[in-house]
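Trainee:
There are 2 protein chains.
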Amino acid sequence: MTQTAQQAHRLVSDGLAAVGARGYHYRALAWLDELGPTSQADLGRRSGIHLSDLVATINELADQQLVERTPDPADRRRNIITITPAGRRQLRRLEKQLTRVQDELLAALTPDERDQLTLLLRRVLDHHTDARPSTPLLPNA
Amino acid sequence: MTQTAQQAHRLVSDGLAAVGARGYHYRALAWLDELGPTSQADLGRRSGIHLSDLVATINELADQQLVERTPDPADRRRNIITITPAGRRQLRRLEKQLTRVQDELLAALTPDERDQLTLLLRRVLDHHTDARPSTPLLPNA
DNA sequence: AGTCTATCGTTCGCCTCCCTAACGTTAGAT
DNA sequence: ATCTAACGTTAGGGAGGCGAACGATAGACT
Numbered sequence: 001m002t003q004t005a006q007q008a009h010r011l012v013s014d015g016l017a018a019v020g021a022r023g024y025h026y027r028a029l030a031w032l033d034e035l036g037p038t039s040q041a042d043l044g045r046r047s048g049i050h051l052s053d054l055v056a057t058i059n060e061l062a063d064q065q066l067v068e069r070t071p072d073p074a075d076r077r078r079n080i081i082t083i084t085p086a087g088r089r090q091l092r093r094l095e096k097q098l099t100r101v102q103d104e105l106l107a108a109l110t111p112d113e114r115d116q117l118t119l120l121l122r123r124v125l126d127h128h129t130d131a132r133p134s135t136p137l138l139p140n141a
Numbered sequence: 142m143t144q145t146a147q148q149a150h151r152l153v154s155d156g157l158a159a160v161g162a163r164g165y166h167y168r169a170l171a172w173l174d175e176l177g178p179t180s181q182a183d184l185g186r187r188s189g190i191h192l193s194d195l196v197a198t199i200n201e202l203a204d205q206q207l208v209e210r211t212p213d214p215a216d217r218r219r220n221i222i223t224i225t226p227a228g229r230r231q232l233r234r235l236e237k238q239l240t241r242v243q244d245e246l247l248a249a250l251t252p253d254e255r256d257q258l259t260l261l262l263r264r265v266l267d268h269h270t271d272a273r274p275s276t277p278l279l280p281n282a
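Respectively, the protein sequence lines represent chains L and H.
Position 106 of the first sequence, counted from 1, bears residue number 106 in the numbering used here, the numbering being contiguous throughout.
Just so we're on the same page, the numbering used here is the position in the second sequence counted from 1, plus 141.
1) What in chain H is Cβ-close to residue 18/L, meaning under 7 Å?
2) With a threshold of 16 other CB atoms inside 10 Å of the CB of residue 43/L, please say whether the residue is buried or exposed.
3) Under 8 Å, do residue 189/H and residue 208/H count as touching if we go by C-beta distance?
4) Could you work out which residues of chain H lie near residue 113/L, taking near to mean beta carbons separated by less than 8 Å?
5) If we ignore side chains and look at the alpha-carbon of each, how far apart do residue 202/H and residue 176/H end up?
6) Any chance you could list the alpha helix (DSSP H) runs of at least 4 consecutive residues sitting entirely within the region 157-194 of chain H, in chain order?
7) Helix, strand or coil: how does DSSP classify residue 226/H here?
8) How would you label residue 82/L, buried or exposed, when you count the other beta carbons within 10 angstroms and need 16 or more for buried?
9) Evaluate residue 15/L with the Cβ neighbour count: other Cβ atoms within 10 Å of its Cβ, from every protein chain shown; 16 or more gives buried, anything less gives exposed.
10) Run through chain L and tell me which residues come within less than 8 Å of residue 268/H, C-beta to C-beta.
11) Using only alpha-carbon positions, find the residue among 64/L, 103/L and 126/L that is nearest to residue 269/H.
12) Take residue 187/H as the anchor and find which of 172/H, 197/H and 193/H has the nearest alpha-carbon.
13) Per DSSP, which one or two residues make a beta bridge with residue 208/H?
14) With a threshold of 8 Å between beta carbons, is residue 66/L in contact with chain H?
15) Under 8 Å, do residue 24/L and residue 53/L count as touching if we go by C-beta distance?
16) With a cut-off of 8 Å, does the C-beta of residue 177/L fall near any C-beta of chain H?
17) Distance check for residue 153/H and residue 65/L, CA to CA, integer angstroms please.
18) Between which two residues does the alpha helix (DSSP H) carrying residue 291/H extend?
19) Going straight from the alpha carbon of residue 97/L to that of residue 215/H, what length do you get?
20) If you measure between the beta carbons of residue 174/H and residue 232/H, is that distance less than 8 Å?
21) Tell me the rounded alpha-carbon separation between residue 240/H and residue 225/H.
22) Does residue 133/L have its Cβ less than 8 Å from a Cβ in chain H?
23) Roughly how many angstroms separate the alpha carbons of residue 38/L and residue 161/H, rounded to a whole number?
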């Protein structure tokens with residue numbers, strides 16, 4: 001299992017790197033798209049990205065104008081992070097890339113088997129996230 | 142899948158850390174036990190551990206007398222790495238720890254489902270390792 | 001008012017795994 | 001004798017993940 005995981009991880013990383021992104025970028029964008037404007041703390045809790053890493057991630061996304069960081073007038077501790085149209089376009093690109101990667105990864109399995117696999121993995125995962133502070137890494141999970 | 146993988150990875154890492162070891166230590170010991178005395182280069186190729194990392198790994202294992210590094214008289218470029226009795230004991234400990242971890246990880250599944258899961262993962266993995274320089278990370282793979 | 005606590009963003013540092021580049025030493029082939 | 005290739009080693013970096021601390025702010029409580 002560890003080995004298949006590494007294979008998957010390598011494929012995903014390479015796939016994202018080919019579009020000039022990393023896992024954190026995708027996770028942040030995906031959650032932002034899902035949640036709408038959010039504070040960094042909230043985004044961090046949802047996405048499971050550590051707050052200290054989120055700072056750099058948001059910086060990088062903001063540098064590419066994929067995201068906007070504005071202070072919250074109602075709570076001056078907070079920054080409000082908003083995904084931009086360019087950010088949404090990038091997100092679509094990343095999603096397409098990841099679909100490709102997934103197809104490549106699961107090429108050996110029939111659709112039925114893929115369903116079986118994801119079902120089993122879900123069960124394993126749920127059993128552990130139940131006993132823990134439950135935080136799916138991705139919105140559509 | 143990435144998420145379950147991370148869960149697995151976390152459990153494995155934590156489990157090994159609880160015994161004061163890391164993944165590299167286990168992989169090196171497991172392969173050494175399987176192969177008998179070997180050169181670092183060979184061990185690296187088998188275990189998939191990068192040569193540069195293997196240096197530190199062997200150093201650490203040697204510091205704990207789990208492994209012995211002796212120059213090869215027949216080829217003065219080579220070091221011959223040998224697992225010691227203490228190393229074998231440590232390896233057994235790590236294996237036991239990993240068995241515990243695996244049980245914990247797959248607790249949600251019945252034995253049949255576990256078999257199904259490993260079968261599916263094997264298929265996925267084989268499909269990719271066929272097209273590549275095929276190097277199972279662990280001996281019993 | 002003042003104080004106490006919790007949150008937010010940020011910075012710094014550490015860990016694991018993976019990988020690249022370079023360098024000196026040694027073997028082996030030509 | 002020279003040229004190539006392998007071996008071990010060192011130094012460094014990227015990616016994901018985590019903990020500790022700190023200033024600024026908010027909220028609650030007295």
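By construction, the Cβ of each residue, glycine as well, lies at the ideal position given by its N, Cα and C atoms.
These figures come from a predicted structure and were not determined experimentally.
Mentor: Well, looking at it:
1) By Cβ distance, chain H contributes nothing, its closest Cβ being about 17 Å from residue 18/L, past 7 Å.
2) With 16 or more Cβ atoms within 10 Å of its Cβ, residue 43/L is classed as buried.
3) No, these two residues do not count as a Cβ contact at 8 Å.
4) 261 and 264
5) 17 Å
6) 164-176 and 181-188
7) helix
8) Residue 82/L comes out exposed.
9) buried
10) Those within 8 Å of residue 268/H in chain L are 107 and 108.
11) 103/L
12) 172/H
13) 224/H
14) no
15) yes
16) Residue coverage of chain L in this structure runs from 1 to 141, which leaves residue 177/L outside it and unanswerable.
17) 38 Å
18) There is simply no residue 291/H to check, as chain H begins at 142 and stops at 282 in what is shown.
19) 51 Å
20) yes
21) 22 Å
22) At residue 133/L, the pLDDT of 42 sits below 50, so the modelled position is not reliable and the matter cannot be decided from this model.
23) Distance from the CA of residue 38/L to the CA of residue 161/H, rounded to the nearest whole angstrom, comes to 40 Å.
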